[in-house]
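K.L.:
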């Protein structure tokens with residue numbers, strides 16, 4: 001067999017079932033055809049000729065391409081043109097209002113101003129932005145600023161009027177409005193039920209603009225070694241078509257999985273009556289086979305840091321607050337059983353333990369009535385799962401995708417504000433997941449946190465918060481398992497372990513090249529490892545100038 005690519009003098013972490021470490025790899029027509037333990041390929045049935053590219057990694061580490069099973073790449077891409085309301089760089093509400101005022105000065109009256117990343121617990125005032133404040137700096141432009149969690153938003157009076165939201169409106173299903181003392185809405189919108197009337201009237205970018213933004217985001221993902229990626233919420237056909245076009249034109253060369261919102265399958269919706277096979281075949285046909293259906297997505301609660309996650313016991317900083325379930329249990333179970341019976345895999349957002357309990361009840365109801373092999377239904381984030389919850393997940397063969405970056409970015413505040421010490425030290429309980437033989441992956445939830453698989457691995461292994469304290473040391477996991485949760489476990493979750501996730505003969509040549517071995521350096525330095533190159537199908541898609 002002729003090799004089209006030889007990678008030699010490498011520290012090859014195959015992440016196969018034996019955790020084999022090899023020295024060189026041969027690729028032919030996009031697939032791995034031979035692996036040698038030695039730095040140089042052995043002479044044999046693999047032929048090296050003038051058409052063979054030989055890459056000498058000079059001791060660098062070769063690992064399977066990373067698989068991020070939950071993020072929002074298109075949302076992240078489209079945020080690039082919005083006002084940055086994050087902390088840092090902003091330190092006060094005054095800083096943000098100043099930015100909005102400057103944006104208003106540069107924006108035609110009546111056009112929208114959008115911002116992102118506001119965090120009420122990081123800003124000096126430790127409170128939400130209110131509509132009368134936005135009215136003062138942008139009286140002639142509708143304004144919306146999204147919370148860092150993605151589960152809250154802040155709007156001014158003009159935005160409310162354009163969305164036909166009256167000041168004395170009743171709270172909607174699946175969300176609620178913040179209110180002044182007189183009961184009138186104050187511009188704070190909680191969850192999609194309250195945000196949808198606003199987001200539904202926001203101006204849409206053209207396909208060309210969206211495609212350009214997605215192209216740049218994809219390059220950033222590739223620079224992090226990601227070769228398979230899941231967009232965890234596709235809620236309209238326009239966004240779906242951007243994904244398909246990006247794949248078909250090569251603007252996004254990654255293998256893409258999509259979570260399609262359940263609302264797109266309801267009566268009168270674009271995919272009403274579709275089977276999983278029909279929907280998946282349509283995605284593949286329109287994307288040169290690069291885009292596939294991951295699951296049907298639902299939400300059953302919100303964000304713990306937004307105080308909308310549904311907990312069994314009250315929030316630490318608000319003893320009257322438990323958070324709310326998005327769907328009434330009876331309706332929720334009815335929709336899940338319909339999706340399950342049709343053969344769809346379902347992924348449900350659940351941060352709070354009460355939401356996780358609700359999800360598991362619904363899954364158990366569907367699975368017991370209509371048993372199905374390897375359904376691999378998912379729970380997304382799984383922040384506050386108890387040991388009983390994890391045991392139930394394992395018994396039902398429900399997988400978990402853990403938002404491990406919470407430990408670093410919000411761990412201190414979970415302990416001090418939202419959950420209190422006992423519950424905070426158990427967030428993202430990976431060690432318990434392992435003890436229960438749970439299939440799980442890690443994810444970034446980008447743009448909620450920056451995209452970086454190595455950072456997620458670092459967070460799972462070290463469990464350090466932003467103040468450099470270990471949060472729940474008994475939930476730390478070993479490096480190999482953390483790496484597998486971003487590679488082969490992701491492939492299994494994607495029903496794609498025959499093709500991706502590890503470096504084995506017959507699999508696709510999706511690789512990342514690292515400038516250090518995560519197994520041999522200090523575990524606290526894992527997040528500082530650089531990705532030098534990324535390969536898809538044996539083709540170099542990132543780092544060409546850095547590889548000889």
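In full-length UniProt numbering, the protein residues as written are 1 to 548. Glycine residues also receive a C-beta, built at the ideal position from the N, C-alpha and C atoms. None of these values were measured; they are calculated from a predicted model.
Would you tell me roughly how many angstroms separate the C-alpha atoms of residue 230 and residue 450, rounded to the nearest one?
P.N.:
15 Å
K.L.:
Evaluate residue 146 with the Cβ neighbour count: other Cβ atoms within 10 Å of its Cβ, from every protein chain shown; 16 or more gives buried, anything less gives exposed.
P.N.:
buried
K.L.:
Would you kindly work out how many angstroms separate the C-alpha atoms of residue 308 and residue 295, rounded to a whole number?
P.N.:
Cα-Cα distance, rounded: 24 Å.
K.L.:
Figure out for me which residue from 2, 228 and 90 has the closest Cα to the Cα of residue 44.
P.N.:
2
K.L.:
For a minimum of 3 consecutive residues, which ranges assigned as the beta strand (DSSP E) are wholly contained in the stretch 367-413?
P.N.:
378-381 and 399-402
K.L.:
Alpha carbon to alpha carbon, what distance is there between residue 511 and residue 4?
P.N.:
Residue 4 and residue 511: Cα-Cα distance of roughly 15 Å.
K.L.:
Going by C-alpha to C-alpha distance, which of 396, 509 and 248 sits closest to residue 361?
P.N.:
Among 396, 509 and 248, the Cα nearest to that of residue 361 belongs to 396.
K.L.:
So residue 197 is in the beta strand (DSSP E); what residue range does that whole segment cover?
P.N.:
Here residue 197 belongs to no beta strand (DSSP E); instead the alpha helix (DSSP H) covers 191-199.
K.L.:
For residue 502, does the three-state DSSP call read helix, strand or coil?
P.N.:
coil
K.L.:
Unbroken alpha helix (DSSP H) runs of length 4 or more, entirely within the stretch 416-454: which are they?
P.N.:
420-424 and 430-435
K.L.:
Alpha carbons only, please: which of 10, 419, 15 and 33 is nearest the one belonging to residue 537?
P.N.:
33
K.L.:
Assign residue 276 to one of three DSSP states: helix, strand, or coil.
P.N.:
helix
K.L.:
Among 406, 131 and 170, which has the Cα closest to the Cα of residue 462?
P.N.:
406
K.L.:
May I ask you to list the residues that DSSP assigns as paired with residue 305?
P.N.:
Beta-bridge pairing links residue 305 to no other residue.
K.L.:
Per DSSP, residue 247 is paired with what?
P.N.:
Answer is none; residue 247 lacks a bridge partner.
K.L.:
Would residue 393 pass as a contact of residue 348 if the rule is Cβ separation under 7 Å?
P.N.:
no
K.L.:
Exposed or buried, what is residue 217 when buried is set at 16 or more other beta-carbons lying within 10 Å of its beta-carbon?
P.N.:
Counting Cβ neighbours within 10 Å, residue 217 comes out buried, since at least 16 surround it.
K.L.:
Could you tell me which residues DSSP puts in a beta bridge with residue 298?
P.N.:
Paired residue(s): 348.
K.L.:
Under DSSP, the alpha helix (DSSP H) around residue 9 begins and ends at which residues?
P.N.:
Counting along the chain, residue 9 falls outside any alpha helix (DSSP H), and DSSP gives it neither H nor E.
K.L.:
Quick one, which of 316, 497, 240 and 456 has its alpha-carbon nearest residue 420's?
P.N.:
316
K.L.:
Tell me which residues share the same chain as residue 238 and place their Cβ nearer than 7 Å to its Cβ, disregarding the 5 neighbours each side in the sequence.
P.N.:
204
K.L.:
For residue 173 versus residue 131, is the C-beta distance shorter than 7 Å?
P.N.:
Going by C-beta atoms, residue 173 is not nearer than 7 Å to residue 131.
K.L.:
DSSP puts residue 509 in a beta bridge; with which residues?
P.N.:
According to DSSP, which records beta bridges pairwise, residue 509 is partnered with nothing at all.
K.L.:
Residues in its own chain within less than 8 Å of residue 201 by CB, not counting five upstream and five downstream?
P.N.:
162 and 163
K.L.:
Taking the continuous beta strand (DSSP E) assigned at residue 257, which residues delimit it?
P.N.:
255-261
K.L.:
Give the C-beta separation of residue 477 and residue 431 to the nearest angstrom, bearing in mind that I take them to be a contact with Cβ-Cβ under 8 Å.
P.N.:
6 Å
K.L.:
Quick one: is residue 108 buried, meaning 16 or more other Cβ sit within 10 Å of its Cβ, or exposed?
P.N.:
exposed
K.L.:
Thinking C-alpha only, which one of 93, 183, 371 and 30 is nearest residue 168?
P.N.:
The residue with the shortest Cα to Cα distance from residue 168 is 183.
K.L.:
Smallest Cα separation from residue 210: which of 74, 117 and 353?
P.N.:
74
K.L.:
Please classify residue 287 as buried or exposed, where buried requires at least 16 neighbouring CB atoms within 10 angstroms.
P.N.:
The residue in question, residue 287, is buried, as its Cβ has 16 or more Cβ neighbours within 10 Å.
K.L.:
If we ignore side chains and look at the alpha-carbon of each, how far apart do residue 27 and residue 464 end up?
P.N.:
Take the alpha-carbon of residue 27 and the one of residue 464: they are about 39 Å apart.
K.L.:
Let me check you understand the geometry: is the CB of residue 194 closer than 6 Å to at least one non-hydrogen atom of the ligand GDP?
P.N.:
Absence of the ligand GDP is noted for the structure shown, with no ligands found whatsoever.
K.L.:
Is it buried or exposed, residue 253, if we count other Cβ atoms within 10 angstroms and call 16 or more buried?
P.N.:
buried
K.L.:
Applying the 10 Å Cβ sphere with the 16-neighbour rule, what's the burial state of residue 354?
P.N.:
buried
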